[in-house]
Structures are given as C-alpha cells and as structure tokens.
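Just remember that my numbering sits 94 ahead of the position in the sequence shown, which is counted from 1.
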Amino acid sequence: MKVRIVERDVMDPLADTCMDEMPVNRVGDVKTVSLLDNTKPGARTILEAVESSLEGLRFLWSEKPAGAPASEDQINRAGEGDLCILALGDCGSCTTWVILDAIRLEGMGVPTISICSDTFREYAEKLAAAHGMPGLRIVEIEHPVAGLETEEILRKARKIMPAIVDHLR
95 MKVRIVERDV MDPLADTCMD EMPVNRVGDV KTVSLLDNTK PGARTILEAV ESSLEGLRFL
155 WSEKPAGAPA SEDQINRAGE GDLCILALGD CGSCTTWVIL DAIRLEGMGV PTISICSDTF
215 REYAEKLAAA HGMPGLRIVE IEHPVAGLET EEILRKARKI MPAIVDHLR
C-alpha cells in the first residue's frame, strides 16, 4: 500500500485583530454643511432642525437608503460640504451604515457628525473603533425616534443642538 501525502495551505478563518487607527478630520472653518438623510422615519425632521438652528451656513442635502451603503454618487455629493452630518442610526443596520458611511467620508477628508440614538450609541462607537476610527464624532439622540409625532422628534432634536454646535468650535 502506498500513502501519498499532500501538503495544503490552510486559510486562517480569523480576521486580523489589529487595525491601524485613523484620526478623524479636524472641523475647520465650516461654510457648507452636507446633510445625509438615510430616509429613516424622523431623520429628515432631525436634519431640518439642525439646518434651521445653524444660521449663516449653506446646506447641501443628500438621501440614501437606510439599510445599505451610500452609492458612490451619494457619498461624493455628501462629501461636497466642509462637514457632513449623517442621520439616523436608531437600529442595527441603519446605525451600521451611518457609521460606515461616516468613515468613508472621513477617509475622503470630510469631517463628520453621526446622529445615533442613545440605545445604539455604544454599538456605533464599537463599530467605529473596530474599523479603526475610535474618535468618530457621534451625537446621541434620545431613543425612540420612529413612530413619534413631528413635534416630539423636534423636541429631541433641539436637545442635541448644543452637542452639534460644540463639534463646530
């Protein structure tokens, strides 16, 4: 009986556990703000509240689907501002794509602020850190947002404005 020994490389199924950290971009002299609406219920209302609260700035609007990444055209449009504010992360898939789109924009040199609900903030921070950007700017809005009347969403949006303004300084 003959035995034939064949050596094969075995692929390690574990991902790299170390990733170089990427710094977030400094928020400079902001004249134009891109608002990236992921079309989640309440996202547009929150971004409209941001727009009406920040006087003297020009705004560019973009939309994308909540549970998917922004297309190249959508991300490029969002990248036309001096800063991009993304909303809304208030569930697993939409929070994932708000954060990953923000990281893409940061990689293009555009500073970002991501708006996520307090229920998903910890997840958002861990996701950003896992993708090498632990310092990603995330502003927390009170959960829930979906299913609320416009006035209640606006009340919650007004409460986050000081945090957004702080990031602009």
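Ideal Cβ placement from N, Cα and C applies to all residues, glycine included.
The C-beta separation of Glu-234 from Asp-212 comes to about 5 Å, placing the pair in contact by the 8 Å criterion. About 5 Å separates the beta carbons of Gly-173 and Met-202, which is inside the 8 Å limit, making them a contact pair. Excluding the 5 residues flanking it on each side, Cys-210 has same chain C-beta neighbours closer than 6 Å at Gly-183, Thr-189, Ala-218 and Ile-232, in chain order.
With a beta-carbon spacing of about 7 Å, Ile-193 and Leu-230 fall inside the 8 Å limit used to define contacts. Taking the Cα of Arg-198 as reference, the smallest distance to any Cα among Arg-215, Met-113, Gly-186 and Ala-222 is reached at Ala-222. Per DSSP, the beta bridge partners of Asp-131 are Glu-157 and Ala-181. Among the bridge pairs identified by DSSP, Glu-166 is matched with none. For Ile-235, the enclosing beta strand (DSSP E) stretches over residues 232-235. Within the same chain, and ignoring the five residues on either side of Leu-248 in sequence, the residues whose Cβ sits closer than 8 Å to its Cβ are Thr-139 and Ala-143. Shown here, Thr-213 sits in coil according to DSSP, grouped into three states, outside any helix or strand.
Below 8 Å, enough C-beta pairs join the region 143-152 and the region 113-133 to call them touching: three or more. DSSP places Arg-152 in the strand class (E or B) of the three-state scheme.
Within the DSSP secondary-structure output, Ile-207 pairs in a beta bridge with Ile-179. Beta-bridge partners of Thr-126 (DSSP): Arg-152.
Here Leu-177 is not near Val-239, since their CB atoms are 7 Å or more apart. Straight-line spacing of the CA atoms in Glu-243 and Asn-132 works out to 19 Å. Annotated three-state conformation of Asp-195 is helix, per DSSP.
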